[in-house]
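Here is the structure we will look at, set down as structure tokens.
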Amino acid sequence: MENAAVPSGSGSDDLCQKAERMIPRHRPPFRMAALTASMLPGFGPRSVEQLEQDYADTLNVPHAIWLPSARYGICQAIDFGLGSQDRVYCPAFTCKVVHQAIRRSGRTMELVDCNDNSLLMDTRFLQTQLGPDRQPPQTTSADGRRNIRGYGVVLSEVFGHRYPNLDGLPLLRNAGLRIFDMAMCIPTARDMQRLVDRDVALLSFGLGKSLYAGWGGMAFTKDDWMADRLREQRDQDLRANTKVANVRQVAKVWLRTFAHSAWLYKLSRRLVESRSSVSSDNSNPLSAESELLTPEWSNAPTTFHLKLAAENLKQSASFSRDRLEYAEIYRSELDHLTHDAAPGTEGWLTLLADSQAALSHFCLRSSLRDPLRQYLWLKGIDTSVLFPFPEGADSNQLQNTHRLTLQIIGLPLSNGLGSQNIRRICSLIRDFIATEYAASNRPHVSRNAA
Numbered sequence: 001m002e003n004a005a006v007p008s009g010s011g012s013d014d015l016c017q018k019a020e021r022m023i024p025r026h027r028p029p030f031r032m033a034a035l036t037a038s039m040l041p042g043f044g045p046r047s048v049e050q051l052e053q054d055y056a057d058t059l060n061v062p063h064a065i066w067l068p069s070a071r072y073g074i075c076q077a078i079d080f081g082l083g084s085q086d087r088v089y090c091p092a093f094t095c096k097v098v099h100q101a102i103r104r105s106g107r108t109m110e111l112v113d114c115n116d117n118s119l120l121m122d123t124r125f126l127q128t129q130l131g132p133d134r135q136p137p138q139t140t141s142a143d144g145r146r147n148i149r150g151y152g153v154v155l156s157e158v159f160g161h162r163y164p165n166l167d168g169l170p171l172l173r174n175a176g177l178r179i180f181d182m183a184m185c186i187p188t189a190r191d192m193q194r195l196v197d198r199d200v201a202l203l204s205f206g207l208g209k210s211l212y213a214g215w216g217g218m219a220f221t222k223d224d225w226m227a228d229r230l231r232e233q234r235d236q237d238l239r240a241n242t243k244v245a246n247v248r249q250v251a252k253v254w255l256r257t258f259a260h261s262a263w264l265y266k267l268s269r270r271l272v273e274s275r276s277s278v279s280s281d282n283s284n285p286l287s288a289e290s291e292l293l294t295p296e297w298s299n300a301p302t303t304f305h306l307k308l309a310a311e312n313l314k315q316s317a318s319f320s321r322d323r324l325e326y327a328e329i330y331r332s333e334l335d336h337l338t339h340d341a342a343p344g345t346e347g348w349l350t351l352l353a354d355s356q357a358a359l360s361h362f363c364l365r366s367s368l369r370d371p372l373r374q375y376l377w378l379k380g381i382d383t384s385v386l387f388p389f390p391e392g393a394d395s396n397q398l399q400n401t402h403r404l405t406l407q408i409i410g411l412p413l414s415n416g417l418g419s420q421n422i423r424r425i426c427s428l429i430r431d432f433i434a435t436e437y438a439a440s441n442r443p444h445v446s447r448n449a450a
């Protein structure tokens with residue numbers, strides 16, 4: 001998310017341009033006071049075990065397991081929860097590291113298209129009963145503990161949109177393993193009530209996430225055996241950081257926090273984009289082997305990171321209230337723009353289904369996404385676009401996903417943003433309609449999103 005391109009052609013792009021106030025697409029959830037307090041002794045947990053217990057108690061789930069990343073958790077949960085010949089169903093519309101983690105597990109991955117009006121997997125597919133031809137032969141788990149015959153499903157709850165009515169969807173009800181990819185979410189005790197058997201829910205503290213804490217993630221499960229395996233494997237894989245590496249990790253959090261301030265954000269985005277362009281011109285993409293050597297698979301946290309994660313947990317209810325309030329303002333201010341289009345035409349703007357959970361961003365779908373993003377950027381608003389279409393996938397087989405990757409735009413929802421800023425963003429979208437959209441002489445808008 002953090003590395004998504006800055007809209008091009010945004011006026012003067014000189015890196016030394018005068019600083020301008022800008023609203024980031026997302027920013028760290030904590031305030032500077034919490035960041036400073038995390039550097040002091042006696043504040044927050046000093047061990048992984050204490051942080052795990054805090055999360056388990058707050059979310060009313062038996063087991064919380066700190067992990068170096070959510071992708072690590074996906075891979076390990078599949079290794080322990082499925083047989084070697086089992087397949088994993090996964091949304092095509094999700095982060096590429098989710099797909100990488102499944103491939104790392106050695107299982108066959110089958111991409112599933114999304115609904116035509118939401119970010120989640122096709123409900124019609126989830127309602128199917130898999131026939132014998134799609135069921136793998138009975139196999140044994142990695143350590144021989146139990147016989148397994150089944151398949152796994154990764155449920156990526158992108159932007160925080162949750163999967164409802166799990167019991168009413170046969171493919172999910174009958175899965176041997178369900179992994180709730182809640183990387184972008186603010187988890188609640190109600191979310192944990194969905195877990196049964198060996199289900200695993202995964203949260204990320206990584207860059208751009210709602211509970212960003214600089215490093216790591218957390219797995220949640222009700223299964224004692226799964227929890228023990230995840231902890232044992234984590235302890236085997238984690239490597240101790242040097243003092244220099246720890247200082248660098250802490251410094252990154254401080255720098256990223258400063259870089260997301262209103263006055264520095266635009267310049268910092270330009271610097272990141274410039275550096276990324278130079279890097280891409282002089283290096284090849286990470287191979288599958290080298291990607292596995294990245295820190296997300298083995299780096300341990302510092303006490304500083306644990307304290308930030310604990311502070312975010314304490315403030316999570318407040319964070320959620322802010323995001324729910326801002327989402328309601330977006331919806332009330334923009335919903336009237338999505339009235340029916342002329343017959344036979346495709347509207348340029350749709351809102352997604354209302355969510356009862358706190359989201360990471362408020363999402364729109366627009367056939368004029370790039371011009372809208374460009375317009376907002378010039379007015380001091382950065383927006384998010386997720387995700388690119390999976391490399392090597394067939395767009396004819398995943399038509400809804402392909403269309404979504406070209407249309408989705410995430411508006412800022414960061415806690416503490418303030419209702420006045422949300423209304424300003426809505427006003428700018430209306431201004432865009434009155435200028436850019438009206439000038440295009442297209443039919444008005446549709447309301448196809450349920």
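Per this note's numbering, the sequence shown runs over residues 1 to 450. In this text, a Cβ means the ideal position worked out from N, Cα and C, and glycines have one as well. Being a predicted model, the structure only gives us computed values, none of them experimental.
- Taking all protein chains shown into account, residue 392 has fewer than 16 neighbouring C-beta atoms within 10 Å of its C-beta and is therefore exposed.
- Using a C-beta cut-off of 8 angstroms, the segment 309–329 makes no contact with the segment 228–238, since fewer than three inter-stretch Cβ pairs fall below that distance.
- Ranked by how close their Cα comes to the Cα of residue 28, the residues 431, 372, 370 and 210 have 210 in first place.
- Under the criterion of beta carbons closer than 8 angstroms, residue 55 and residue 218 qualify as touching, at roughly 6 angstroms.
- Bounds of any alpha helix (DSSP H) do not take in residue 350; it lies within the beta strand (DSSP E) bounded by 349–351.
- Counted as a single uninterrupted DSSP element, the stretch harbouring residue 99 is not any beta strand (DSSP E) but the alpha helix (DSSP H) occupying residues 96–104.
- Residue 304 sits close to residue 38, with the two beta carbons spaced by under 8 angstroms.
- In the DSSP assignment, no residue is bridged to residue 182.
- Taking a contact as a CB-CB distance under 8 angstroms, the pair residue 160 and residue 355 counts as one, their CB atoms being some 7 angstroms apart.
- Residue 76 and residue 230 have their C-alpha atoms some 7 angstroms from each other.
- In this structure, residue 89 and residue 158 do not form a Cβ contact; the two beta carbons are roughly 16 angstroms apart against a cut-off of 8 angstroms.
- Within the segment 167–215, the runs of alpha helix (DSSP H) at least 4 residues long that lie entirely inside it are, in chain order, 170–173 and 189–192.
- Rounded to whole angstroms, residue 91 and residue 115 show a C-alpha spacing of 10 angstroms.
- By a beta-carbon distance limit of 8 angstroms, residue 414 contacts residue 26. Their separation comes to about 6 angstroms.
- When secondary structure is reduced to three states using DSSP, residue 385 falls in the coil class, being assigned neither helix nor strand.
- Of the candidates 93, 214, 64 and 162, 93 places its Cα closest to the Cα of residue 386.
- Counting along the chain, residue 392 sits inside no beta strand (DSSP E), nor does DSSP assign it H or E at all.
- Comparing C-alpha distances from residue 220 to each of 436, 72 and 195 shows the shortest one belongs to 195.
- Going by DSSP, residue 422 is part of the alpha helix (DSSP H) stretching over 419–432.
- Comparing alpha-carbon positions, the option among 352, 226 and 307 lying closest to residue 62 turns out to be 226.
- The beta-bridge partner set that DSSP reports for residue 218 consists of 66 and 203.
- For residue 248, the enclosing alpha helix (DSSP H) stretches over residues 243–259.
- In this structure, residue 382 lies near residue 269, with their beta-carbon atoms less than 8 angstroms apart.
- The C-alpha of residue 253 is placed about 16 angstroms away from the C-alpha of residue 24.
- Counting along the chain, the unbroken beta strand (DSSP E) around residue 109 starts and ends at 108–112.
- When the Cα atoms are used, residue 188 and residue 59 turn out to be separated by approximately 6 angstroms.
- In this structure, residue 238 and residue 300 form a Cβ contact; the two beta carbons are roughly 5 angstroms apart against a cut-off of 8 angstroms.
- With 16 or more other CB atoms across the displayed protein chains lying within 10 angstroms of its CB, residue 390 is buried.
- By alpha-carbon distance to residue 248, the top candidate from 214, 167, 108 and 417 is 214.
- Considering only 167, 117 and 72, the residue with the shortest C-alpha distance to residue 350 is 117.
- By the 16-neighbour rule on beta-carbons within 10 angstroms, residue 312 is buried.
- Bounds of any alpha helix (DSSP H) do not take in residue 408; it lies within the beta strand (DSSP E) bounded by 408–412.
- Taking 8 angstroms as the cut-off, the Cβ atoms of residue 178 and residue 191 do not count as close.
- In the DSSP assignment, residue 163 falls outside any beta strand (DSSP E), carrying neither H nor E.
- Excluding the 5 residues flanking it on each side, residue 240 has same chain C-beta neighbours closer than 7 angstroms at 300, in chain order.
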